[in-house]
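Written out below as structure tokens is the structure these notes cover.
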Amino acid sequence: MGKKELRVVLDTNVLVSALFFKGELSKLLFPLKKFILLFSEETLNEFIKVLHYPKFSLTEDEIEYLLQFEILPYSKIVEVTFKFDKEICPNKDDQKFLELAVSAKANYIITGDKDLLNLKEINKIKILSPKEFLSLLKKKIKH
């Protein structure tokens, strides 16, 4: 891959699906070393909250291990310094991912959310589905 590392925001649903469910999404984590996963304090806290959901049956030790060895070594926590003047997407809860991406100078936002995907791009940051991003990664790895 090129000298410049990709800076990527994964929405919480995509990240959780990649961790716990086999299939296309799980392939996102294999090349984790190929890009920097970006979090804000708010998006990281949301991710940790979801990891505590009973349906995942994770102990505190398992969550700690997952964070310390599987996620955070390939991540950067960024202070959100950019706020939009108005709501950009219908679900205002998704706004934090857009503001994080702009603040962190991300290259991509990866989401399965139709409202975000319909935006296609924000401040020159491409918004892709996991499948589109995997396809892009495969092309970059070959070059």
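Letter by letter, the sequence shown follows residues 1 to 143 in UniProt numbering.
All residues carry an ideal CB built from backbone N, CA and C; glycine is no exception.
Of all the options Pro73, Tyr53, Asn118 and Ile36, which has the alpha carbon lying nearest to the alpha carbon of Leu137? For this step, residue 137 is matched to residue 137 along the sequence shown. Closest option to Leu137, Cα to Cα, is Ile36.
For the stretch 63 to 83 against the stretch 40 to 51, do three or more pairs of beta-carbon atoms, one drawn from each stretch, fall closer than 8 angstroms, so that the two count as touching? yes
Compute the distance between the beta-carbons of Ile125 and Asn107, then report whether it is under 8 angstroms. Your numbering for residue 125 matches position 125 in the sequence shown. Your numbering for residue 107 matches position 107 in the sequence shown. Yes, Cβ-Cβ distance for Ile125 and Asn107 is below 8 angstroms.
Helix, strand or coil for residue 208? Go by DSSP, reduced to three states. For the chain, the structure presents residues 1 to 143; residue 208 sits outside this window and is missing.
DSSP on Ser40, reduced to helix/strand/coil? The residue given as residue 40 occupies position 40 in the sequence shown. DSSP places Ser40 in coil when its eight states are reduced to three.
Helix, strand or coil: which one does DSSP assign to Ile122? Mapped onto the sequence shown, residue 122 falls at position 122. Strand at Ile122.
Distance between beta carbons of Leu100 and Val9, contact taken as under 8 angstroms: One-based indexing of the sequence shown puts residue 9 at position 9. One-based indexing of the sequence shown puts residue 100 at position 100. Yes, they are in contact, since the Cβ atoms of Val9 and Leu100 sit about 6 angstroms apart, within 8 angstroms.
Determine, using beta-carbon pairs with one atom in the stretch 107 to 122 and one in the stretch 88 to 97, whether at least three such pairs fall under 8 angstroms. yes
With burial defined as no fewer than 16 other Cβ atoms inside 10 Å of the residue's Cβ, what is the status of Ser57: buried or exposed? Taking the sequence shown and counting its residues from 1, the one referred to as residue 57 is at position 57. Ser57 is exposed by the Cβ-count criterion.
Give, in chain order, every unbroken run of the alpha helix (DSSP H) that is at least 4 residues long and sits entirely within the stretch 54 to 133. 60 to 65, 95 to 103 and 114 to 119
Just tell me which of Ser103, Ile88, Lys139 and Asp93 has its CA closest to the CA of Lys120. The count along the sequence shown starts at 1 and reaches residue 120 at position 120. That would be Ile88, whose Cα lies nearest to the Cα of Lys120.
Could you check how far apart the C-beta atoms of Phe84 and Ser103 are, in whole angstroms? I think they sit under 8 angstroms. Stepping through the sequence shown from its first residue, residue 84 is reached at position 84. Stepping through the sequence shown from its first residue, residue 103 is reached at position 103. That belief does not hold up - the Cβ atoms of Phe84 and Ser103 are roughly 11 angstroms apart, past 8 angstroms.
Length of the line joining the Cα atoms of Arg7 and Leu38: Walking along the sequence shown from the start, residue 7 turns up at place 7. Walking along the sequence shown from the start, residue 38 turns up at place 38. Arg7 and Leu38 have their C-alpha atoms roughly 7 angstroms apart.
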